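Peer 1: Following this message is one structure expressed as structure tokens.
In the numbering used here, the protein residues as written are 795 to 1105.
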């Protein structure tokens, strides 16, 4: 066992690889076992992601224009089933950015949801997003688009610039007009900015925001009750696994994170597996593990976190 596995009650790696979900298998290879994404093994696994399982099922229901359901219902009136929700899922499940259907989905979100200021909102037209942007949605879309091949797109760069300004206190064009108005929104913005740090301003924003997330999510009022549960997917919500994971990725844990980490570790079973405690099961276009049972998605998330916080 490598060092980061020493806190496990057992090694669930084979269980993750052989469970029948091609996305879990692919992400276990590249995220946990450090198989190079350009290797034949990883590319074969990625082909399986696109040819079977939840990614294939989700893309099968996509409209030719890159959206799901009615175009204008990409967020409103289609919660957890509309286009922005499915773009988040595609990124979470490791969809191949080279696939034309994935490209069409990203283009649709950029065209319909992104406003002139760079943020993403819940209303829009083919000419762009209308009204105020949302910090949680903007963070999720910047992260997802970066994962799905749009990281170097000028429109994504503009969105990152807007998130940096938001962190520094300029809430112009965003809901409530102030910096990252909710704690889960702060987590999503940190997740997005950490994914691509290409300037001193972005690095400074990540440093500032990680301190704010640590202070506001683990100290002060402490975690919300639902954050103690392990979720998949998360969408706008967050949990302790995501918060601790991001702190590990952006500079290491603070003392207050130790208690949260011990709580997460205490949830594993004798085989080193975690149960899914909350989900949006039945509300998405694809299904995941049932709550209350050992879950490959919950376990994958917990193991990635553990690897990222290991000394």
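All C-beta atoms in this analysis are idealised placements derived from N, C-alpha and C, irrespective of residue type, glycine included. If you're wondering where the values come from, they're calculated on a predicted model, not measured in any experiment.
Taking the alpha-carbon of residue 949 as reference, which of 902, 1081 and 988 has the nearest alpha-carbon?
Peer 2: The shortest Cα separation from residue 949 among 902, 1081 and 988 belongs to 902.
Peer 1: Since residue 922 sits in a beta bridge, which residues does DSSP pair it with?
Peer 2: 919, per the DSSP bridge assignment.
Peer 1: Let me know the secondary structure DSSP gives residue 1068 once reduced to three states.
Peer 2: Here residue 1068 sits in coil by DSSP.
Peer 1: Around the Cβ of residue 1032, are there at least 16 other Cβ atoms within 10 angstroms (buried) or fewer (exposed)?
Peer 2: By the 10 Å Cβ count, residue 1032 comes out buried.
Peer 1: Ordered along the chain, which non-local residues of its own chain (more than five positions away) have a Cβ less than 8 Å from that of residue 1054?
Peer 2: Closer than 8 Å at the Cβ level, and outside the excluded window around residue 1054, lie 1012, 1017, 1034, 1037 and 1038.
Peer 1: Using the Cβ count rule (16 or more neighbours within 10 Å means buried), how would you classify residue 808?
Peer 2: It is exposed - the Cβ of residue 808 has fewer than 16 other Cβ atoms within 10 Å.
Peer 1: Determine the direct distance from the alpha carbon of residue 991 to that of residue 909, and round the result to whole angstroms.
Peer 2: For residue 909 and residue 991, the distance between alpha carbons rounds to 22 Å.
Peer 1: List the residues that DSSP assigns as beta-bridge partners of residue 914.
Peer 2: Note: residue 914 sits in a beta bridge opposite 908.
Peer 1: With distances taken Cα to Cα, identify the nearest neighbour of residue 942 among 893, 954 and 820.
Peer 2: Closest by alpha carbon: 893.
Peer 1: Let me know the secondary structure DSSP gives residue 889 once reduced to three states.
Peer 2: Of the three classes helix, strand and coil, the one that applies to residue 889 here is coil, per DSSP.
Peer 1: Return the CA-CA distance between residue 918 and residue 906, expressed in angstroms with no decimal places.
Peer 2: Each residue's Cα considered, the two are about 5 Å apart.
Peer 1: Quick check: the Cα distance between residue 890 and residue 939, rounded to an integer number of angstroms?
Peer 2: Each residue's alpha carbon lies about 12 Å from the other.
Peer 1: Alpha carbon to alpha carbon, how far is residue 963 from residue 1063? Give it in angstroms, no decimals.
Peer 2: Spanning the two alpha carbons is a distance of roughly 43 Å.
Peer 1: CB residue 1025 to CB residue 986, shorter than 7 Å?
Peer 2: Taking 7 Å as the Cβ cut-off, residue 1025 and residue 986 do not qualify as a contacting pair.
Peer 1: Looking only at its chain, what residues have a beta carbon closer than 6 Å to the beta carbon of residue 1010, apart from the 5 residues adjacent to it on each side?
Peer 2: The residues are 977.
Peer 1: Relative to the alpha-carbon of residue 855, which residue among 841, 838 and 895 has its alpha-carbon at the smallest distance?
Peer 2: Among 841, 838 and 895, the Cα nearest to that of residue 855 belongs to 895.
Peer 1: Please go through the same chain and pick out, in chain order, the residues whose beta-carbon is closer than 6 Å to the beta-carbon of residue 898, but skip the five residues on each side of it.
Peer 2: Taken in chain order, the residues that qualify are 860.
Peer 1: Excluding five sequence neighbours on each side, which residues of the same chain lie with their C-beta closer than 8 Å to the C-beta of residue 813?
Peer 2: Once the five neighbours on either side are set aside, the close Cβ partners of residue 813 are 819 and 1090.
Peer 1: What is the rounded straight-line gap between the Cα of residue 1008 and the Cα of residue 1051?
Peer 2: Between residue 1008 and residue 1051, the C-alpha separation is close to 8 Å.
Peer 1: What are the boundary residues of the alpha helix (DSSP H) that includes residue 847?
Peer 2: Where residue 847 is concerned, the enclosing alpha helix (DSSP H) stretches over 847 to 854.
Peer 1: Leaving aside the five residues before and after residue 798 along the sequence, list all residues of the same chain whose C-beta is less than 7 Å from its C-beta, in chain order.
Peer 2: Result list for residue 798: 1100, 1101 and 1104, in chain order.
Peer 1: Considering Cα atoms alone, identify which of 816, 946, 872 and 868 is closest to residue 886.
Peer 2: Checked all of 816, 946, 872 and 868; the closest Cα to residue 886 is 816.
Peer 1: In whole angstroms, what separates the C-alpha of residue 1106 from that of residue 1072?
Peer 2: Outside the displayed span of the chain (795 to 1105) sits residue 1106, for which this structure offers no information.
Peer 1: Roughly how far, in whole angstroms, is the beta-carbon of residue 829 from the beta-carbon of residue 836, given that I think they are within contact range, below 8 Å?
Peer 2: Between residue 836 and residue 829 the Cβ distance is about 5 Å, and since that is below 8 Å, they are a contact.
Peer 1: Can you grab the Cα-Cα spacing for the pair residue 1003 / residue 979, in whole Å?
Peer 2: Distance between the alpha carbons of residue 1003 and residue 979 is about 11 Å.
Peer 1: Nearest to residue 952 by CA position, among 876, 882 and 913, is which residue?
Peer 2: Selected option, being the one with the closest Cα: 913.
Peer 1: The alpha helix (DSSP H) spanning residue 930 covers which residue range?
Peer 2: First-last of the alpha helix (DSSP H) with residue 930: 929 to 939.
Peer 1: For the alpha helix (DSSP H) containing residue 1052, name the first residue and the last one.
Peer 2: Where residue 1052 is concerned, the enclosing alpha helix (DSSP H) stretches over 1049 to 1060.
Peer 1: Would you list the one or two residues that DSSP bridges to residue 1084?
Peer 2: According to DSSP, residue 1084 bridges with nothing at all.
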